[in-house]
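**Student:** Input: one structure, supplied below.
2 protein chains.
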Amino acid sequence: MINKNSPIPIYYQLEEEIRRMILEELAPGDILPSERDYSEKYDISRMTVRQAISNLVKEGLIYRQKGRGTFVADKKFEQDLSGLSSFSEDMINRGLTPSSKLLSFNETSGNALVASKLQMETTDKIYEIKRIRLANEEPVALETVYTPKALVGELNEQDIDISFYDYIEKKLNLTIDYGDQTIEASLANEDEIHYLNINENDPVLVMHRTSYLNDVKETPIEYVTSTYRSDKYKFKMQMKRD
Amino acid sequence: MINKNSPIPIYYQLEEEIRRMILEELAPGDILPSERDYSEKYDISRMTVRQAISNLVKEGLIYRQKGRGTFVADKKFEQDLSGLSSFSEDMINRGLTPSSKLLSFNETSGNALVASKLQMETTDKIYEIKRIRLANEEPVALETVYTPKALVGELNEQDIDISFYDYIEKKLNLTIDYGDQTIEASLANEDEIHYLNINENDPVLVMHRTSYLNDVKETPIEYVTSTYRSDKYKFKMQMKRD
DNA sequence: AATATATAAATGTATAGACAACTATACTAA
DNA sequence: TTAGTATAGTTGTCTATACATTTATATATT
Chain A
274 MINKNSPIPI YYQLEEEIRR MILEELAPGD ILPSERDYSE KYDISRMTVR
324 QAISNLVKEG LIYRQKGRGT FVADKKFEQD LSGLSSFSED MINRGLTPSS
374 KLLSFNETSG NALVASKLQM ETTDKIYEIK RIRLANEEPV ALETVYTPKA
424 LVGELNEQDI DISFYDYIEK KLNLTIDYGD QTIEASLANE DEIHYLNINE
474 NDPVLVMHRT SYLNDVKETP IEYVTSTYRS DKYKFKMQMK RD
Chain B
274 MINKNSPIPI YYQLEEEIRR MILEELAPGD ILPSERDYSE KYDISRMTVR
324 QAISNLVKEG LIYRQKGRGT FVADKKFEQD LSGLSSFSED MINRGLTPSS
374 KLLSFNETSG NALVASKLQM ETTDKIYEIK RIRLANEEPV ALETVYTPKA
424 LVGELNEQDI DISFYDYIEK KLNLTIDYGD QTIEASLANE DEIHYLNINE
474 NDPVLVMHRT SYLNDVKETP IEYVTSTYRS DKYKFKMQMK RD
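Protein sequences, first through last, are from chains A and B. Count along the first sequence starting at 1, add 273, and that's the number in the working numbering. Count along the second sequence starting at 1, add 273, and that's the number in the working numbering.
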């Protein structure tokens with residue numbers, strides 16, 4: 274399972290192996306093999322094992338108890354509540370089935386607000402993708418995503434069919450670091466009334482988000498505007514007190 | 274600065290020392306002494322220095338760049354955005370002056386929803402405090418706080434004049450751990466129209482929050498319902514991608 | 001002037017070992 | 001039976017060292 278000649282660090286290979294064990298073989302509360310076990314089994318230093326385990330502890334997947342051992346943590350639903358997630362991930366977390374209906378897919382430029390949010394020039398090419406987002410086939414949100422062509426390259430409608438985050442992370446191999454988000458209340462406009470199938474004077478939740486990559490410059494990768502039906506959607510979050 | 278004979282781990286002593294340097298001597302973007310510098314200066318192993326630095330990196334206080342060095346991070350305003358904060362703290366963060374107008378202050382019991390949120394019996398005594406919250410003298414939100422008498426004892430109107438969190442943390446010496454929060458959109462009801470000085474059919478943001486103490490049982494300390502004027506208030510948050 | 005090349009210095013990864021602190025268990029003595 | 005004691009096994013802390021990878025800079029080379 275561990276390849277010492279791989280350019281992939283051993284501690285990272287072990288992380289993946291432990292992650293797999295937790296998923297396939299272990300239940301919350303189960304004890305993991307001890308650090309020395311791993312050290313001997315794969316013939317690697319105990320410090321390297323500790324590096325792998327420390328990373329997983331940091332992620333909250335496992336926890337240590339001095340003198341006893343290392344254990345699988347309970348599933349942390351909170352993490353999903355407070356972390357940045359795409360519409361699809363969000364719906365799946367709520368036990369719903371996400372889907373979407375594409376309204377338009379354009380290559381644009383010239384929108385000053387969007388360009389500034391993405392830290393681009395107004396002449397730069399920017400994709401504009403408008404979609405209805407559905408949960409269990411019912412319309413929940415109207416969403417417009419803006420993303421710089423310079424970062425995502427040639428984009429097809431299929432690429433983002435389910436989850437744009439999936440495309441960014443798995444196809445482009447970019448890492449999203451964090452998002453800045455605002456939430457406000459408003460009354461639905463004509464488009465929203467039409468596409469979300471709601472009535473005049475119905476209140477809606479308007480969310481704006483800019484997401485940033487995990488690079489040195491913290492490059493903006495998307496600017497999203499979403500309008501949620503207030504009868505179908507609440508924002509849920511868990512916040513730590515510091 | 275480092276005492277090798279102290280029962281306090283060396284890596285922790287070094288953490289404190291670096292923390293102090295950041296506060297007193299360094300500015301965001303400044304480079305820290307290198308790992309070898311610390312290692313030689315205090316005659317400790319570089320791995321121990323790395324342990325201290327890794328902890329501070331995890332906290333977001335500093336960041337590393339391979340081949341360059343370790344640097345002081347920018348002050349994280351995000352923390353304030355994403356962390357649990359009271360109305361007063363929130364307003365101060367936004368550069369506004371918070372105040373409040375007390376509407377009612379009652380000792381109640383019997384509300385099943387509130388009792389369940391606070392994990393109390395319906396017969397238990399619960400304070401109900403209704404206030405208008407203002408920023409720069411303008412009404413921003415209508416807030417109702419529920420808190421168990423068993424936890425906060427005899428409460429006066431003055432005790433919570435400015436910030437209820439202040440009272441909990443400084444007077445009662447309790448530690449708040451986290452809060453579960455939901456945000457939805459709605460139309461203002463009569464009370465809200467009246468107290469917030471808005472019009473019929475104006476949309477509002479409705480926030481519900483349960484906050485929990487940092488004890489083993491995670492005891493609920495407050496259940497809050499707040500209605501925010503949508504023209505005066507947006508929720509802002511920063512979310513990490515994991 | 002522009003482009004390679006070498007070098008030093010920084011963080012990143014990894015090893016082998018030592019002792020401390022803590023937990024659980026088995027054993028012994030009162 | 002109870003309390004103390006030894007012991008084995010665990011994670012926690014720490015050292016000293018080695019080489020890899022990346023960055024910045026100085027120095028040749030073209």
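Virtual Cβ for every residue (Gly too), placed ideally from N, Cα, C. Fair warning: this is a prediction, and the values are worked out from it, not measured in the lab.
Go to A/Y273, then tell me how far its beta strand (DSSP E) extends in each direction, as first and last residue.
**Tutor:** In the structure as shown, chain A starts at 274 and stops at 515, and residue 273 of chain A therefore has no counterpart that could be examined.
**Student:** Just the Cα atoms here: how many angstroms apart are B/D292 and B/K374?
**Tutor:** Translated into positions along the second sequence, residue 292 of chain B becomes position 19. Translated into positions along the second sequence, residue 374 of chain B becomes position 101. In the sequence as displayed, the identity of residue 292 of chain B is Arg instead of Asp. Distance between the alpha carbons of B/R292 and B/K374: 40 Å.
**Student:** Using a beta-carbon distance below 7 Å, is B/N474 in contact with chain A?
**Tutor:** What you label residue 474 of chain B is simply residue 201 of the second sequence in a count that begins at 1. So, interface residue.
**Student:** Tell me, please, whether the segment 438 to 458 of chain A touches the segment 383 to 401 of chain A by the rule of three or more beta-carbon pairs shorter than 8 Å.
**Tutor:** No, because fewer than three Cβ pairs between the segment 438 to 458 of chain A and the segment 383 to 401 of chain A fall closer than 8 Å, the two stretches do not touch.
**Student:** Pick helix, strand or coil for B/Y285, following the three-state DSSP scheme.
**Tutor:** One-based indexing of the second sequence puts residue 285 of chain B at position 12. Three-state DSSP puts B/Y285 in a helix.
**Student:** Is the distance from the Cβ of B/Q454 to the Cβ of A/M510 below 7 Å?
**Tutor:** Here residue 454 of chain B refers to the residue found at position 181 of the second sequence. Here residue 510 of chain A refers to the residue found at position 237 of the first sequence. It is a contact, given that the beta carbons lie within the stated cut-off.
**Student:** For A/M320, does the count of other Cβ atoms within 10 angstroms reach 16, so buried, or fall short, so exposed?
**Tutor:** On the first sequence, position 47 is the one that residue 320 of chain A refers to. Flag for A/M320 reads exposed.
**Student:** Taking B/S459 as the query, report the chain A residues whose CB atoms sit under 8 Å from its CB, ordered along the chain.
**Tutor:** Here residue 459 of chain B refers to the residue found at position 186 when the second sequence is read from its first residue. Within chain A, the residues near B/S459 are A458, P476, S503.
**Student:** Do you know offhand how far B/T395's Cα is from B/G342's?
**Tutor:** Looking up residue 395 of chain B in the second sequence gives position 122. Looking up residue 342 of chain B in the second sequence gives position 69. Going from the Cα of B/T395 to the Cα of B/G342 covers about 59 Å.
**Student:** Considering only residues of the segment 349 to 434 of chain B, which uninterrupted alpha helix (DSSP H) runs meet the minimum length of 4 residues and lie entirely inside it, listed in chain order?
**Tutor:** Those alpha helix (DSSP H) runs which fall completely within the segment 349 to 434 of chain B and span 4+ residues are 350 to 355, 360 to 366, 385 to 390, 422 to 425.
**Student:** Mind checking if B/F378 is an interface residue toward chain A, Cβ cutoff 7 Å exclusive?
**Tutor:** In the second sequence, the residue the question calls residue 378 of chain B occupies position 105. Not one chain A Cβ lies under 7 Å of B/F378.
**Student:** Verify the CB distance criterion: does A/T417 have a CB-CB separation below 7 Å to chain B?
**Tutor:** For the purposes of this step, residue 417 of chain A is taken as residue 144 along the first sequence, with counting starting at 1. Output row for A/T417: interface = no.
**Student:** Within 6 Å: the Cβ of A/G368 and any heavy atom of the ligand COA?
**Tutor:** Absence of the ligand COA is noted for the structure shown, with no ligands found whatsoever.
**Student:** Nearest chain B C-beta to A/F508 closer than 7 Å, yes or no?
**Tutor:** Walking along the first sequence from the start, residue 508 of chain A turns up at place 235. Answer yes: the Cβ-Cβ gap between A/F508 and chain B drops below 7 Å somewhere.
**Student:** Apply the 10 Å Cβ neighbour rule to B/D363 and answer buried if 16 or more other Cβ atoms are within range, or exposed otherwise.
**Tutor:** Counting from 1 along the second sequence, the entry for residue 363 of chain B is found at position 90. With 16 or more other Cβ atoms within 10 Å, it is buried.
**Student:** Please report how far the alpha carbon of B/I317 lies from the alpha carbon of B/E288, in whole angstroms.
**Tutor:** Against the second sequence, residue 317 of chain B aligns to sequence position 44. Against the second sequence, residue 288 of chain B aligns to sequence position 15. Taking the straight line from one Cα to the other gives about 13 Å.
**Student:** How many angstroms separate the CA atom of A/L428 from the CA atom of A/K422?
**Tutor:** Taking the first sequence and counting its residues from 1, one reaches residue 428 of chain A at position 155. Taking the first sequence and counting its residues from 1, one reaches residue 422 of chain A at position 149. Cα-Cα distance, rounded: 8 Å.
**Student:** Going by Cα to Cα distance, which pick from A/M480, A/M512, A/P412 is closest to A/N470?
**Tutor:** As a first step, residue 470 of chain A is located in the first sequence; it is residue number 197 there, counting from the start. For the residues A/M480, A/M512, A/P412, the minimum Cα distance to A/N470 belongs to A/P412.
**Student:** Which chain B residues are close to A/D450, counting only those with a beta carbon under 8 Å from its beta carbon?
**Tutor:** Residue 450 of chain A sits at position 177 when you count from the first residue of the first sequence. The answer, in chain order, is K513, R514.
**Student:** Taking Cβ to Cβ, would you say B/R404 is nearer than 7 Å to B/G452?
**Tutor:** For this step, residue 404 of chain B is matched to residue 131 along the second sequence. For this step, residue 452 of chain B is matched to residue 179 along the second sequence. No, Cβ-Cβ distance for B/R404 and B/G452 is not below 7 Å.
**Student:** Along the alpha helix (DSSP H) that carries B/S327, what are the first and last residues, could you check?
**Tutor:** Numbered from its first residue, the second sequence carries residue 327 of chain B at position 54. Note, B/S327: alpha helix (DSSP H), 319 to 332.
**Student:** Which chain B residues sit within Cβ distance under 7 Å of A/K331?
**Tutor:** By one-based count along the first sequence, residue 331 of chain A stands at place 58. The contacting residues are K331.
**Student:** When DSSP labels each residue in this structure, what does B/M274 get in the three-state scheme?
**Tutor:** For the purposes of this step, residue 274 of chain B is taken as residue 1 along the second sequence, with counting starting at 1. Coil at B/M274, not helix or strand.
**Student:** Could you round the C-beta distance between A/R514 and B/I449 to whole angstroms and report it? I think they count as a contact, below 8 Å.
**Tutor:** For this step, residue 514 of chain A is matched to residue 241 along the first sequence. For this step, residue 449 of chain B is matched to residue 176 along the second sequence. About 4 Å; that satisfies the 8 Å criterion.
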